[in-house]
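Notes follow once the structure below has been shown.
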Amino acid sequence: GNSQIQLWQFLLELLADEDPCVSWEPTSYGEFQVNAPDELAQRWGRRKNKPNMNYDKLSRALRYYYEKNIITKIPGKRFTYKFDF
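Quick note: the sequence shown uses our numbering, first residue 27, plus one each step.
Structure (structure tokens):
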């Protein structure tokens, strides 16, 4: 079901839909920026049925991906990440 979706899949879905919450960085392949962190967290919470989701929790999930080489943080750029595939 929908609750099985992973955060990285959710992000790719929003990026594919050209959702204003997140956007690709045109200059760098795989790089994306979170434009509306709170909005993004709320929507992720709705998708996962976790009403108390916030960006702090969401970014913890993102950090978990760093070790897995799924997503990395772009240093020196706020709310900017990169898919590693």
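No residue lacks a Cβ here, since even glycine has one placed at the ideal position from N, Cα and C.
From a predicted model like this one, the values you see are computed outputs, not experimental measurements.
Name the DSSP beta bridge partners of T53, please?
Residue pairing by DSSP places T53 in no beta bridge whatsoever.
For E65, which residues from the same chain have a beta carbon less than 8 Å from its beta carbon, with the 5 sequence-adjacent residues on both sides left out?
C47
Paired residues, beta bridge with Y107 - DSSP:
Beta-bridge pairing links Y107 to F58 and K99.
Nearest to Q30 by alpha carbon, out of G71, W50 and A62?
Across the set G71, W50 and A62, the C-alpha of G71 shows the shortest separation from the C-alpha of Q30.
Compute the Euclidean distance between the alpha carbons of F111 and P77, then round it to the nearest angstrom.
31 Å
Cα-Cα, which of K103, G102 and T98 is closest to F109?
T98
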